[in-house]
Structure formats: structure tokens, C-alpha cells
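Those letters in the sequence shown? Residues 9 to 423, by this note's numbering.
Yeah, the Cβ is synthetic: ideal placement off N, Cα and C, and Gly gets one too.
Let me begin by presenting the structure, written as C-alpha cells, before commenting on it.
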Amino acid sequence: MTLYRGYLECPRCGHRVEEDGAFDGCPVCARAGWSINVHPVYDLTDVDWPAADLKYPGIFRWHRLLPLVERTKFVSLNEGSTPLLPALRLGHLLGMDRLYVKDESRNPTWSYKDRLVAVAVNKAQELGADTIVLSSTGNQGAAAAAYAALAGLRCVVFTLESVPLTMKLLMQSYGAEVIALRSGPQRWTVMSEAIAEWGWMPISGFRDPPIGSNPFGIDGYKTIAYEIVQDLGAAPEVLFIPAAYGDGLAGIQRGFEDLMAIGVIARGPRLIAAEPLGAYRAALADNAEMPVRVESGSTVAFSTATPIGTYQGLRAIRASSGDAQAVGDDSRILAAQKTLASQEGLYMEPSAALALAALEGALADRTVGHDEVVVLLGTSTGLKDVQASSSALPEVPVIEPSLSALSRVLGDRPS
Ligand SMILES: [Zn+2]
Numbered sequence: 009m010t011l012y013r014g015y016l017e018c019p020r021c022g023h024r025v026e027e028d029g030a031f032d033g034c035p036v037c038a039r040a041g042w043s044i045n046v047h048p049v050y051d052l053t054d055v056d057w058p059a060a061d062l063k064y065p066g067i068f069r070w071h072r073l074l075p076l077v078e079r080t081k082f083v084s085l086n087e088g089s090t091p092l093l094p095a096l097r098l099g100h101l102l103g104m105d106r107l108y109v110k111d112e113s114r115n116p117t118w119s120y121k122d123r124l125v126a127v128a129v130n131k132a133q134e135l136g137a138d139t140i141v142l143s144s145t146g147n148q149g150a151a152a153a154a155y156a157a158l159a160g161l162r163c164v165v166f167t168l169e170s171v172p173l174t175m176k177l178l179m180q181s182y183g184a185e186v187i188a189l190r191s192g193p194q195r196w197t198v199m200s201e202a203i204a205e206w207g208w209m210p211i212s213g214f215r216d217p218p219i220g221s222n223p224f225g226i227d228g229y230k231t232i233a234y235e236i237v238q239d240l241g242a243a244p245e246v247l248f249i250p251a252a253y254g255d256g257l258a259g260i261q262r263g264f265e266d267l268m269a270i271g272v273i274a275r276g277p278r279l280i281a282a283e284p285l286g287a288y289r290a291a292l293a294d295n296a297e298m299p300v301r302v303e304s305g306s307t308v309a310f311s312t313a314t315p316i317g318t319y320q321g322l323r324a325i326r327a328s329s330g331d332a333q334a335v336g337d338d339s340r341i342l343a344a345q346k347t348l349a350s351q352e353g354l355y356m357e358p359s360a361a362l363a364l365a366a367l368e369g370a371l372a373d374r375t376v377g378h379d380e381v382v383v384l385l386g387t388s389t390g391l392k393d394v395q396a397s398s399s400a401l402p403e404v405p406v407i408e409p410s411l412s413a414l415s416r417v418l419g420d421r422p423s
């Protein structure tokens, strides 16, 4: 039996919202000028832990804690159950004994977005939608396209002209109709008109100021918290999460809050938003209850390049006594990407390597201690944007087939 109560509510004012209003945010807060996503509500009294139901694949083994009606078969590509890897060599470099990377690039479309989209697509089926629509710079679009294909739904993706070719090709290969626009706000205008006119179901946010993605889908991220606690046997002390609109922050914090409500853990980790443009950092510095808009900018971590966060993202940081680390310098992000790959064998997208760059920043300003249990969320693979890393790597030398030529390019005798 699902523990989901069948409705949603506003995290700020508690206003109850039925499923047919799930994508509009809280109407009460909107009248007061607040742009806030709602979230599904569960009854967590008397839950036996672990609440996993192993007859279902992927994250649907947690279906009782997801906002879905139980059914015999969920649409799943066996997402989730990604490894929590001890980063020993990297930990040694940083002077840390208990550092881990949760490698979300092992998901079916190589990013953590599969968790969000898996839940959202099952919800789309449940609600009888025939088309899903989203705005995406790539990862969410690829995930949506793949799960829509599996579910037999039509998928329309609004993307940006500037996103890497791999991202566009992936989305198209899974059968999505991909349309590019020149700016983020342009995508939302046409997307909201299509939703209103044609009844398409949104997977991503489409409002300005943003409220975040499909609230059912966001709860797919709760499973990251469940898995980390299951693997570690406890909550870590700190979790670094690459953040744009903060769906990951919000969903993961909700997962830890579930575990606290059920009595599995006494407290969750401090969530630290790793971001390139510093929107959360600015909101925290201003002690602002609502997100603050910072200057837009280009960054190699384009999947997280939003100049404004969301209420839910900020709330997750504050509820976890967390923080934000802004890393605006591409060279630091690319160095972190190279370190993860060359020390731990993990080739991450620059937006995912942001988590490591943010950890380095937090160690330097002493907001995180070397003796703490720290997890980096590796959100996506470097293969999504190989061009980014190629700019930081030397050309591959071509040599004559002799040891002397080999020694010349290696710089010394190979050991
Ligand atoms: Zn409200």
C-alpha cells in the first residue's frame, strides 16, 4: 500500500492542493507574490523500515514512499541503486578519511535525472497524459525522452541552441521532438502556452520566477537519501549536491526528512549546494526567504547555470543547516573533473565535478571539516560534453614506432 495521501501541499503555508493543480505552485502564496512549488503528502506513521518492496525494479522498490498508485508494473529502466564509492585516493589528497562519491552516472541515461523522470512518467500514465513536455539543457531531456519511449508517450523538449551536440542527439535518438530556442525564458513562454492549450504534462518547470520541476518527479530524488543511508548504515555529515533550480536539493532533503520521521536516523546531513553562478550563496548572504537573482554568465558547468534558485532549494539548504559554495571559475571545475577521473576512475560532467570543486572551497573556508563523513553527488557523466574536457587536455602525440621516440614524448623512461 502506498503511503501517499493523494494530494499535495505548500511547504510555506500548508495550503492543500489537489493533483489537478499540481503544476501551478501554491495559489495562496502566489496571490501574496511568492512563487512556490507544492509537494506530495504522505502518512509516515507506522512505517516498517526498510520499506523496500523487492518485487519491483529500480527505484520502484520504494514505491510506497513515492507519489504513485500501486500497480502491478511500473515503467522502469532499472534506475537507481547506484554505487556509493569510497574515494580513498582523493580523500588522501584532501586529507580526508571518509569521503564518498555516489556515482549517479550509472543510471540508464547516465544522470540522476532518471530518478525524477521515472516517477514523473509513471505519474503521466496514471493521470492519462499522452504527451510530456519539458525545457532542458540535456540531462533531464535525455531521461524524459528515454522513459517516454518506454511508456509509449510523446515527448517534446525545448532546449537551447547552445547545448552540446551530444545532448541534442541523445534526446532525438530516444525519439523526442527537440526544438531549440535562443534563451531560457523564451522556452517557458511557449511551453506554458502548450500546456494550457493542449493539456501536455510538464516534467520541468516553466514559470518565471522559477518554482522547480514536476513535484511528483522531484520525489524520485528521495530515493538518493534512502540509498545513501542504506549503504552507509547512517546519514553522512555533509552531502554536496550540484544545484540549478534545486530539485535535487529539495527531493533529497525530503528523503532524509522521511527517514527522520520514520525514526531511521536522528538527523540528516548538511546539504551544500554546489553552483557556478552563486544564486543560493547570494540568497543566504542576504538572509533572503526567497531566491535572489544574480548575474547570468557562461560556465563550463552549463547544466547548473541558472542565475536564480527556488524557494524549495533554499528551504532544503536551511532545513539541513546547510550552505552553498559558488565556483565561478571554469579552470577549478575542469581541474576537479580531471582529478575525479585520474584519481578515482570517475569521468563526470563538469556540472557534477562542481561537487568536488565546492568541497575544496568548503575545506578552504573551514565550513566543512577534514574529519567529517562527506558524500559528493556525481550527477552525470563526462561523456555528455566531451568538448569541455578536451579544452583542458593536451593533444594526443603521434610518434614513430621506436623506444627513443616514446621516451621523448613521455618525458622520461616509463617506470
Ligand atoms: Zn503557500
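Cβ neighbours of T174 within its own chain (closer than 6 angstroms, five residues either side excluded): K392. Contact between L142 and P210 is confirmed by a C-beta separation of about 7 angstroms, below the 8 angstroms threshold.
Relative to ligand 1, even the nearest heavy atom lies 7 angstroms or more away from the CB of V49.
No heavy atom of ligand 1 is found nearer than 7 angstroms to the CB of R24.
DSSP assignment within the region 9–83 yields the following whole alpha helix (DSSP H) runs of 4 residues or more, N-terminal first: 35–39. Secondary structure in the region 358–391: the beta strand (DSSP E) runs of 3 residues or longer, each lying completely within the stretch, are 382–386 in chain order. Here V246 is near V382, since their CB atoms are less than 8 angstroms apart. Secondary structure remark: continuous beta strand (DSSP E) runs of at least 3 residues inside the region 244–319, in chain order: 246–250 and 278–283. Put simply, the backbone Cα of I226 is about 32 angstroms away from that of Q351. Y120 places its beta carbon less than 8 angstroms from that of S388. The three-state reading of DSSP puts T197 in helix, counting H, G and I together. The Cβ atoms of S144 and V165 lie closer than 8 angstroms to each other. Here DSSP, grouped into helix, strand and coil, assigns S412 to helix.
V165 is bridged by DSSP to L142 and V186.
When only Cα atoms are considered, V335 and R289 end up about 10 angstroms apart. Rounded to the nearest angstrom, the Cβ distance from I280 to G330 is 5 angstroms, consistent with a contact under 8 angstroms.
Per the coordinates, the alpha-carbon of P402 lies some 13 angstroms from the alpha-carbon of Q395. Per the coordinates, the alpha-carbon of A233 lies some 6 angstroms from the alpha-carbon of F264. When the Cα atoms are used, S212 and N147 turn out to be separated by approximately 11 angstroms. A Cβ-Cβ separation of about 7 angstroms places A184 in contact with A156 under the 8 angstroms criterion.
Residue range N147 to A159 is occupied by the alpha helix (DSSP H) that includes Y155.
Shown here for W70: same chain residues with a beta carbon closer than 7 angstroms to its own, the five before and five after excluded, namely A59, A60, T231 and Y234 in chain order. The Cβ atoms of T117 and A154 sit closer than 8 angstroms to each other. For L93, the three-state secondary structure derived from DSSP is strand. In the DSSP assignment, D111 falls within the unbroken beta strand (DSSP E) covering L107 to D111. Secondary structure at M356: strand, using DSSP grouped into helix, strand and coil. E112 counts as buried, since no fewer than 16 other beta carbons sit within 10 angstroms of its beta carbon. The C-beta of I140 has 16 or more other C-beta atoms within 10 Å across all chains shown, which makes the residue buried.
Remark: C-beta atoms of A344 and L371 do not approach each other more closely than 8 angstroms.
The beta carbons of L135 and D266 sit no closer together than 8 angstroms. Residue pairing of P210 in beta bridges, as defined by DSSP: V141. The Cβ atoms of V302 and D338 lie no closer than 8 angstroms to each other. CA-to-CA, the gap between D216 and I325 works out to about 21 angstroms.
Rounded to the nearest whole angstrom, the CA to CA distance from P65 to V83 is 9 angstroms. Judged by DSSP secondary structure, D122 falls within the alpha helix (DSSP H) whose first and last residues are K121 to E134. A distance below 8 angstroms separates the beta carbons of V49 and L16.
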